[in-house]
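Colleague: Which chain is which? The protein sequence lines are A and B, in order. Note that this note's numbering has the first sequence beginning at 1, numbered continuously upward. Note that this note's numbering has the second sequence beginning at 500, numbered continuously upward. All residues carry an ideal CB built from backbone N, CA and C; glycine is no exception.
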Amino acid sequence: MGTALVLLFLLALGAVPGALLPQRSLNESKVQQYLNQHPVIGPWFDRLQLFDVFSSFWFTAIYALLFISLVGCLTPRIVEHSRSLRATPVPAPRNLSRLPRHAAVTVSGTPAEAAARIGGQLRGWRRVTRTTDDVVEISAEKGYLREFGNIVFHFSLLGLLAAVAIGKLFGYEGNVIVLANGGPGFCSASPAAFDSFRAGNNVDGTSLYPMCIRVNDFEANYLPTGQATSFSSNIDYQAGNDLDTGTWRSYRLEVNHPLRVGGDRVYLQGHGYAPTFTVTFPNGEQRTQTVQFLPNDLQSLLSSGALRIDPPAGLYTADQRRKNQIAIAGLFAPTQQMDGKLLSSSFPAMRDPAVAVDIYRGDTGLDSGRPQSLFSLDNRLVEQKRLNKVKRVNLIVGQQVDLGDGTMVRFDGATEFVNLQVSHDPAQVWVLVFAMTMMGGLLVSLVVRRRRVWARVSDSGSAPGTVNVELGGLARTDNSGWGEELDKLAQRVAEADRA
Amino acid sequence: MNTDIDIGLARYSDWAFTGSVVILVLAMLLLAVELASSRSRRADARELVGAAAVGTTGGVDLADNRPGVVIEEAAAPFSERVGKAGLNLVYLGILLLGACIVLRGLSTHRAPWGNMYEFINLTGFCGLVAAAVVLRRPQYRALWVFVLVPVLVLLTISGKWLYTHAAPVMPALQSYWLPIHVSVVSLGSGVFLVAGVASILFLLKMSRFGEPDAQGALARVVAKLPDAQILDRIAYRTTIFAFPVFGFGVIFGAIWAEEAWGRYWGWDPKETVSFIAWVIYAAYLHARSTAGWRDKKAAWVNIVGFAAMVFNLFFINLVTVGLHSYAGVN
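1) Contact between the stretch 302 to 310 of chain A and the stretch 368 to 378 of chain A: three or more CB pairs below 8 Å?
2) Can you tell which of 768(B), 778(B) and 797(B) has its C-alpha closest to the C-alpha of residue 818(B)?
3) In the structure shown, what three-state DSSP assignment does residue 477(B) receive?
4) Using a Cβ cut-off of 8 Å, pull out every chain A residue sitting near residue 830(B), in sequence order please.
5) Apply the 10 Å Cβ neighbour rule to residue 436(A) and answer buried if 16 or more other Cβ atoms are within range, or exposed otherwise.
6) Report the option in 530(B), 600(B), 628(B) and 605(B) whose CA atom is closest to the CA atom of residue 581(B).
7) To the nearest angstrom, report how far apart residue 158(A) and residue 66(A) are at their CA atoms.
8) In whole angstroms, give me the CA-to-CA distance for residue 719(B) and residue 727(B).
9) Note down the Cα distance separating residue 477(A) from residue 466(A), rounded to an integer number of angstroms.
10) Relative to chain B, which residues along the stretch 251 to 262 of chain A have a C-beta separation below 9 Å, given in chain order?
11) Which residues in chain A sit within 9 Å of residue 766(B), going by Cβ to Cβ distance?
12) Would you report the Cα separation of residue 86(A) and residue 80(A), rounded to the nearest angstrom?
13) Quick check: is any heavy atom of the ligand FMN less than 7 Å from the C-beta of residue 19(A)?
14) Could you tell me the alpha carbon to alpha carbon distance between residue 342(A) and residue 409(A), rounded to whole angstroms?
15) Helix, strand or coil: which one does DSSP assign to residue 459(A)?
16) Should residue 609(B) be labelled buried (16 or more other beta-carbon atoms within 10 Å of its own) or exposed?
17) Helix, strand or coil for residue 525(A), going by three-state DSSP, please let me know.
18) I'd like to check one pair, residue 264(A) with residue 16(A): are the Cβ atoms closer than 8 Å?
19) Assign residue 766(B) to buried or exposed, taking buried as 16 or more other Cβ atoms, counted over all protein chains shown, within 10 Å of its Cβ.
20) Mind checking the stretch 636 to 666 of chain B against chain A and listing, in chain order, the residues whose C-beta falls within less than 7 Å of any C-beta there?
21) Would you give the residue range spanned by the beta strand (DSSP E) that residue 510(A) belongs to?
22) Against chain B, does residue 226(A) count as a neighbour if the rule is that its beta carbon must be under 8 Å from one of theirs?
23) Short check: CB of residue 253(A) to CB of residue 448(A), under 8 Å?
24) Strictly under 8 Å for the Cβ-Cβ distance: is residue 728(B) near chain A by that measure?
25) Give a yes or no on whether the C-beta atoms belonging to residue 111(A) and residue 135(A) are separated by under 8 Å.
26) Does any CB atom of chain B fall closer than 8 Å to the CB of residue 229(A)?
27) So, residue 43(A) versus residue 34(A), is the Cβ gap smaller than 8 Å?
28) Would you call the stretch 697 to 704 of chain B and the stretch 241 to 260 of chain A in contact, with 3 or more CB pairs under 8 Å?
29) Can you name the start and end residues of the alpha helix (DSSP H) that residue 736(B) belongs to?
30) Please name the residue in 256(A), 55(A), 314(A) and 293(A) whose C-alpha comes closest to that of residue 283(A).
31) Output the boundary residues of the beta strand (DSSP E) element that contains residue 362(A).
32) Helix, strand or coil for residue 389(A), going by three-state DSSP, please let me know.
33) Using C-beta distances below 6 Å, list every residue in its chain close to residue 798(B), excluding the 5 sequence neighbours before and after it, in chain order.
Structure follows, in structure tokens:
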């Protein structure tokens, strides 16, 4: 018990940095920010795995030891409990009046009759009657379920841990942004279909549950204060046999109402805006692009992002092309609010959209081979003058700006996008099952009380036809209220006689 | 969902809240008066008995039991009447706080525990109701002051700094799990509060202030408290009630998280500290059956557990950023 106690303290203590320090599993960029802000202590924390507490070697060691101690402690108790289940209640002590609880009544009848009546009052107790000469003794015991519940509780913890571990090994989670315009949507054929993908060690990405989803619309309702009151999105999906027959089924996806299909779940996790820009090149050809912007402020949905637009083929020679790509980067406000020339957003719904963008010409770096953020331009290209700012403008829907060489950039409005998450966890139902058996066992072990009662029935000697009944009781756990319990039993024994 | 707010009912709810706090403060003052004064009265009585006993060689105790002598029931002393009035005010305050919660629910057409203001009010209410059940015997009245102090601190914080206008909740909270998960956690937290108070008082009783010959104001107050054993039993029984309740609250939260956030457990700061608190309370139960830990150390563990609950409520919701940061305070 002492060992378990120390390990429980260590477990609680070990989890504390998991709540106080940023964790990689929750927010990688915050960990990086912390490391940048704390150049001395940060790397040491990192070496101690304080940013990955729940997968750290020491946290794992604590709970592994705790479970070893649990098995070591509980296995002998199972053996002892199963032995006690077969054992008969122990004989009555010689002097019942020495027990913590004691009562004596006189009832009519022979000792055997009285003993039978007492036995009737102890229904549900495990009891044994021993007769010697003219004395009948009853030993009764109850509350065996307490230990059973306790054992179930502790072994459910073991099951819970195993189920969590299996889920982590074989589960995966993928996030993907889909434009809510009834467009092609996405199919979960491989991890590459997702924008971000977190998978267990036993997932190689080759056997994801196949499903296709397209998003027809997205609707959000807001209070005048800007607080959201509902998000919903009508989607079409196909999974399983529908993929072969090309059948689409529709579903109204809402927060708190995920789509459950084939053991997987699809969640509506977020939303935002994807502004559309059209670039008209000097030869009159147009290129239109819609790209999702990152919502920087979740209250007003002021978003930032970038577009990279290639000139039409044949307009420039190969080297000229890389000097005439157009890049647009800046802010999008669904409901514009101008502070001078500074754009911000006053409301999350699209009432009066506007953008404040920098327009660049040059090399967007898309064919340089270096990965770039979707939401911002590669600043190195700007520093190296390979990408040059041509204009800084604020545009409302339909407005366009001339870049000076006949190239026009027009802001066409914005489309809503949704952030979907596909989750797969084959063991989560077992986590629930073990959580329930755990709580069931806990309740039983806290509610059931262990009691022992002995009754000794003997001839009274004084009045013929009556017998003395001596009762003695022992509360083996939690003795509050036990005094009244035994007194009531004595009372019932006396009343049963009269009835 | 219905996003209409009945402003009138919301206003009545706010009045009920203010009324409840005022009444509870008054009740606490009255109970404190009793706690501070009645001890000295009892001491006087004992001295008188002692003086008489010297004179009549121990006949005083029997005097009251002589057959045929009708002893008029002495009018309850002033301090006791003050205490009883205080207790009645406590019940009135609980009713008003309950009215505040119910009216919030009626005005917003949802479970009235969707932000921190409402959650703290519900937790305070649960704590008070739990105390009303556990401390229903008259001899426990002295304990009420110590329950009212933390509850009033919580209510003051919620009313003064965390007040949120009646409004619909954000989409993530629009689930039938809101009434289930939050109320169960709230009940567990409220009962843990009573357990924590009982453990603190138990430690006071076991400290040098609880010794029979201790001097000073604190020692006089401590002497008024029930036996250490009774305090310990209150702490234990409330904890074994709240432990599974809070456990269910966390599990319901996990089931809801699976529905709302895409996973049942993600070590979000709130989840982490709930886990910590639950483990500490598990340690308390283990300490209760470990030799050498039974009394004082177990009580300390219980207090640390409650500290973790308070930390979880304020620090995690207000300082760290996690999925539970929907407190309605920006």
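Modeller: According to the structure shown:
1) yes
2) 768(B)
3) Since the first and last residues shown for chain B are 500 and 829, residue 477(B) lies out of range.
4) Outside the displayed span of chain B (500 to 829) sits residue 830(B), for which this structure offers no information.
5) exposed
6) 530(B)
7) 10 Å
8) 15 Å
9) 35 Å
10) 254, 255, 256, 257 and 258
11) 15, 18, 19, 23, 25, 26, 53 and 54
12) 10 Å
13) By its list of ligands, the structure shown contains no ligand whatsoever, and the ligand FMN lies outside what it can speak to.
14) 20 Å
15) strand
16) buried
17) In the structure as shown, chain A begins at 1 and stops at 499. Residue 525(A) is therefore absent and cannot be evaluated.
18) no
19) buried
20) 666
21) The structure shown does not extend to residue 510(A), since chain A is modelled only from 1 through 499, so no value can be given for it.
22) no
23) no
24) no
25) yes
26) yes
27) no
28) no
29) 727 to 759
30) 314(A)
31) 354 to 362
32) strand
33) 698, 701 and 702
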